[in-house]
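Trainee: First the structure, then my questions, so here it is.
Numbering (our numbering), first residue to last: 526 to 971.
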């Protein structure tokens, strides 16, 4: 069925189901950040070990398996891959509550990463088949708001449950909903018939597809941009609760509430609004599909610095409660940082034919998660341990500040890719069809 064969209500139903799946995908991932302190204390782990647990142990398998699993989704059924993925990650998340030591937890987090590898790429590919190009940034922007809701549920909900019942119960409670959602997705979401044109000369192999995608300069620049931007994003996301607890002296529940609300509302609004604005700007000039993300993340930088460096003695009264001024800076930075996600993934989907879209998404997520989730939390943990002799308890503050260099690099790569993206889109409009091989794109490879 073509995109026009689906009614708008059904399109948005599918978007809603995939949105909910992504929420729980991120809840299961995010909850580890709010539980760093109690898990660290029980297992006697260092900041470096906890950075490994909250980042690299999960990310290495999540990111590396994403590409072959996405190829399976492109060749088989995206709906079926999603159903299996949700079932697997939900069951293993529940088992994390039974870990007896650090290394058992690390192995289980690896298992969660394996399960989640089949989550996002098939979802983005499905949505690109359900929504036409002129609505794709908005649809993917709405979908990309799900992690921000997941932040609220994971941080605040996880903190409340951990405070009342202990950290182990949190994993069990957050693992169960996915086991209920998986059959709903399987029986109600239809697999679209993809409009795949015969390409006898194309290299029908995983490595061939990877090479052809990376022959496009735009795709390479997008990968670099999201990879380096994610280092600070994941690093800050993983360590912000500990930063607020250690430096600002607030409780685990307060940290979860503040960061969860900021992520859900500011990040969610930013993701949807960014997709809406970018669809309209890119319709006038395709260059804005990537320049808009570049500008938005640069604008977030001073607010990120304010969050990290503002004195902990300054508070503001909100609804009768003294809240650190740093949270106000986090609100602004999160809103602006949310602008880039939907337009960026929409750009990649626009560049690629239907039979490669899940793989294209997985390759971007490989860069995003391997660099961001894999090295962001781990790098900040290492820096924090290295700075402790000089700065004492303040070491986490300066470790976070150093990570912001990657924000500037990300903006640079987005901007560099924008001109190539315009060439690719203008050439595509003239040819009307995708080339037989992605490497034969009209986009300049110079």
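For glycine and all other residues, C-beta sits at the position ideal for the given N, C-alpha and C.
Please determine, among 935, 883, 614, the residue with the shortest C-alpha to C-alpha distance to residue 600.
Mentor: For the residues 935, 883, 614, the minimum Cα distance to residue 600 belongs to 883.
Trainee: Which two residues bound the contiguous beta strand (DSSP E) that contains residue 843?
Mentor: Its beta strand (DSSP E) spans residues 840-843.
Trainee: What span of residues does the beta strand (DSSP E) with residue 847 cover, start to end?
Mentor: 846-849 is the extent of the beta strand (DSSP E) around residue 847.
Trainee: Count the CB pairs spanning the segment 526-546 and the segment 762-777 that are closer than 8 angstroms, and state whether there are at least three.
Mentor: Verdict: no, contact absent.
Trainee: Comparing the CB of residue 890 with every heavy atom of the ligand SAM, is any distance shorter than 7 angstroms?
Mentor: Of the ligands one can find in the structure shown there are none, so the ligand SAM has no counterpart to examine.
Trainee: Residue range of the alpha helix (DSSP H) that residue 655 falls in?
Mentor: Looking at the DSSP string, the run of the alpha helix (DSSP H) that includes residue 655 is 645-655.
Trainee: Cβ of residue 594 within 8 angstroms of Cβ of residue 675?
Mentor: It is not a contact, given that the beta carbons lie outside the stated cut-off.
Trainee: In the segment 777-842, which residue ranges form an unbroken alpha helix (DSSP H) of at least 4 residues, counting only runs that do not cross its ends?
Mentor: Segments of the alpha helix (DSSP H) lying fully in the segment 777-842: 777-786, 793-809, 813-834.
Trainee: Rank 647, 751, 879, 626 by C-alpha distance to the C-alpha of residue 864 and give the top, closest one.
Mentor: Residue 751 is the option with its Cα nearest to residue 864.
Trainee: Please classify residue 530: is it buried, with 16 or more other beta-carbons within 10 angstroms of its beta-carbon, or exposed?
Mentor: Burial call: exposed.
Trainee: Taking only runs of the alpha helix (DSSP H) that begin and end inside the segment 559-607, which ones reach a length of at least 4 residues, in chain order?
Mentor: Within the segment 559-607, the complete alpha helix (DSSP H) runs of at least 4 residues are 561-568, 572-576, 582-600.
Trainee: The alpha helix (DSSP H) spanning residue 685 covers which residue range?
Mentor: Start and end: 683-690.
Trainee: In the DSSP assignment, the alpha helix (DSSP H) including residue 973 goes from what residue to what residue?
Mentor: Lying before the first or after the last residue shown, residue 973 is absent from the chain, which here runs from 526 to 971.
Trainee: What are the boundary residues of the alpha helix (DSSP H) that includes residue 864?
Mentor: No alpha helix (DSSP H) contains residue 864, which DSSP labels as neither H nor E.
Trainee: Where does residue 533 land, buried or exposed, given buried means 16+ other C-beta within 10 angstroms?
Mentor: Answer is exposed; the Cβ neighbour count stays below 16.
Trainee: Buried or exposed: where does residue 841 fall if 16 or more other Cβ atoms within 10 Å of its Cβ makes it buried?
Mentor: So residue 841 ends up on the exposed side.
Trainee: Rounded to whole angstroms, what is the Cα-Cα separation between residue 693 and residue 847?
Mentor: Between residue 693 and residue 847, the C-alpha separation is close to 30 angstroms.
Trainee: According to DSSP, simplified to helix, strand and coil, what is residue 554?
Mentor: Helix, per DSSP.
Trainee: Do you know how far the Cα of residue 608 is from the Cα of residue 815?
Mentor: Taking the straight line from one Cα to the other gives about 32 angstroms.
Trainee: Within 10 angstroms of its Cβ, does residue 655 collect 16 or more other Cβ (buried), or is it exposed?
Mentor: That one is buried.
Trainee: Counting C-beta neighbours from all protein chains within 10 Å, is the total for residue 586 16 or more, i.e. buried, or is it exposed?
Mentor: By the neighbour-count rule (16 or more Cβ atoms within 10 Å), residue 586 is buried.
Trainee: When you compare each of 777, 678, 788, 895 to residue 748 by their alpha carbons, which one comes out closest?
Mentor: Among 777, 678, 788, 895, the Cα nearest to that of residue 748 belongs to 895.
Trainee: Output needed for residue 673: all residues of its chain with C-beta closer than 6 angstroms, excluding positions within five of it in sequence on either side, in chain order.
Mentor: Correct list, in chain order: 788, 789, 792, 793.
Trainee: Ends of the alpha helix (DSSP H) at residue 766?
Mentor: Here the alpha helix (DSSP H) through residue 766 covers 742-772.
Trainee: Check this for me: beta carbons of residue 871 and residue 877, under 8 angstroms apart or not?
Mentor: Not in contact: residue 871 and residue 877 (Cβ atoms no closer than 8 angstroms).
Trainee: So for residue 674, helix, strand or coil by DSSP?
Mentor: Looking at residue 674 - three-state DSSP - the assignment turns out to be helix.
Trainee: Could you tell me the alpha carbon to alpha carbon distance between residue 590 and residue 669, rounded to whole angstroms?
Mentor: Cα-Cα distance, rounded: 21 angstroms.
Trainee: Provide the residue span of the alpha helix (DSSP H) that contains residue 633, from first to last.
Mentor: Segment 627-641, the alpha helix (DSSP H) holding residue 633.
Trainee: Please list, in chain order, all residues of the same chain as residue 800 whose beta carbon is under 6 angstroms from its beta carbon, the five residues on each side excluded.
Mentor: Excluding sequence neighbours, residue 800 sits near 662, 663, 666, 867.
Trainee: For residue 920, which residues of its own chain have a beta-carbon under 7 angstroms away from its beta-carbon, when the five flanking residues on both sides are left out?
Mentor: Same-chain partners within the cutoff: 909, 912, 913.
Trainee: Counting only the same chain and skipping the five closest in sequence on each side, list residues whose C-beta sits under 7 angstroms from that of residue 832.
Mentor: Around residue 832: 851, 854, 855, 858.
Trainee: On the DSSP letters alone, give me the boundaries of the alpha helix (DSSP H) that residue 896 sits inside.
Mentor: Residue 896 -> no alpha helix (DSSP H), and no H or E assigned at all.
Trainee: Looking only at its own chain, which residues have a Cβ that is under 7 angstroms from the Cβ of residue 809, when we skip the five neighbours before and after it?
Mentor: Closer than 7 angstroms at Cβ, skipping near neighbours: no residue.
Trainee: Below 8 angstroms on the Cβ atoms is my guess for residue 679 versus residue 552; work out the distance and round it to an integer in Å.
Mentor: Indeed, because the Cβ distance is near 4 angstroms, the residues count as touching under 8 angstroms.
Trainee: Please state whether DSSP places residue 623 in a helix, a strand or coil.
Mentor: Correct three-state label for residue 623: coil.
Trainee: Starting from the Cα of residue 577, find the closest Cα among 559, 907, 786 and give me that residue.
Mentor: Nearest C-alpha to residue 577: 907.
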